[in-house]
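Residue numbers (the numbering used here): 9 to 339. Heads up, the beta-carbon is just placed ideally off N, CA and C, and yes, glycines get one too. This report refers to the structure that appears directly beneath it.
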């Protein structure tokens, strides 16, 4: 299942470091403010921990240390408001972190720790291990939970405060980024993260086996059940599942194959099926370049330039950027 070169049966994706740098610069010019804050224009200009972390990792991948430092500095000054090393998940202009926005979102913390590790290990930047090891320790202690079906196996929770009991645990499958979990686990000697990566990949295989790539789902002692406090659907969150698996080398994973089929079902011309309801019916389609880039990445085709996504909405533009980084790293 694991691989290190091209997708099976396809020519290698071209990897151009200049293209990656240009893509990052174009994206940052639209969504990154001078102070290092990443802005989501469609949600009132708020900033999210995952947005800060995605940008941090992309800046590292593109070799833009100046932007990396600005992003990290803003993040540390505005999102580290908890009693642990994890970030508040949302910051609102004029209000800051309000209400329950101090809760963390595990994917943001995972990507931030991974970006810091990569900056030190791969870029050779002066990033002390003390910047990411406390994040890893708190992810391990607070965001992993025993699988009710087999308590020896660990599930990645969507947050330290997310719903979890001995018999039922809420997960967001799109938070499972095996490569990040394994890298951080190996770097810090935390086998719990490595185990969570392996078990996460297995869970995604189980979900694909029943034809389901959900945004949210509960893992219960009896199997999978409707998600607590969320609708059962396969939509925008779930688009990241095949991206992260392919980025991690699981290019022939059942969930990646299922996603390729569901993004462009037989008889659908152009565009991407970006959301399905609990019956599996397509409820939203899009031909925005970011979604087309994700489809192209999964199909091992050339990606449209990130510049084509920059004038549009934030979320498909960030998917486009991440797919471009992933393309560079798996080619």
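Exercise for the section: Look up residue 172 in the DSSP assignment and say whether it is helix, strand or coil. Expected result: strand
Exercise for the section: Please say whether residue 182 and residue 246 have beta carbons closer to each other than 9 angstroms? Expected result: yes
Practice task
Following the continuous alpha helix (DSSP H) through residue 296, name the residue where it begins and the one where it ends.
Solution key: Where residue 296 is concerned, there is no enclosing alpha helix (DSSP H), given that its DSSP letter is neither H nor E.
Practice task
Quick one: grab the DSSP three-state call for residue 258.
Solution key: strand
Practice task
Excluding the 5 residues preceding and the 5 following residue 193 in the sequence, name in chain order all residues of the same chain whose CB lies nearer than 6 angstroms to its CB.
Solution key: 201 and 202
Exercise for the section: Find out if the Cβ-Cβ distance for the pair residue 304, residue 296 is shorter than 9 angstroms. Expected result: no
Practice task
For residue 143, collect the residues of the same chain with a Cβ closer than 6 angstroms to its Cβ; drop the 5 residues on either side in sequence, then sort them by chain order.
Solution key: 93, 117 and 121
Handout entry: For residue 92, the first and last residue of its enclosing beta strand (DSSP E)
Key = Segment: none, residue 92 is in no beta strand (DSSP E) and carries neither H nor E.
Exercise for the section: Compute the distance between the beta-carbons of residue 36 and residue 75, then report whether it is under 9 angstroms. Expected result: yes
Handout entry: Enclosing alpha helix (DSSP H) for residue 5 [first to last residue]
Key = Any question about residue 5 goes unanswered here, given that the chain covers just 9 to 339.
Problem - Contacting residues, own chain, Cβ-Cβ under 6 angstroms from residue 141 (five flanking each side not counted) - result: 196
Practice task
Determine contact between the stretch 80-89 and the stretch 159-173, defined as no fewer than three beta-carbon pairs at a distance below 8 angstroms.
Solution key: no
Practice task
Inspect the CB distances between the stretch 124-140 and the stretch 107-116 and report whether three or more fall short of 8 angstroms.
Solution key: no
Handout entry: Identity of the residue in 237, 242 and 205 nearest residue 216 by Cα
Key = 242
Problem - Run of the alpha helix (DSSP H) containing residue 186, from where it starts to where it stops - result: 186-196
Practice task
Mark residue 289 as exposed unless 16 or more other C-beta atoms lie within 10 angstroms of its C-beta, in which case mark it buried.
Solution key: exposed
Practice task
Give the secondary structure of residue 56 by DSSP, where H, G and I count as helix, E and B as strand, and everything else as coil.
Solution key: strand
Handout entry: Whether residue 112 touches residue 168 by CB criterion (9 angstroms)
Key = yes
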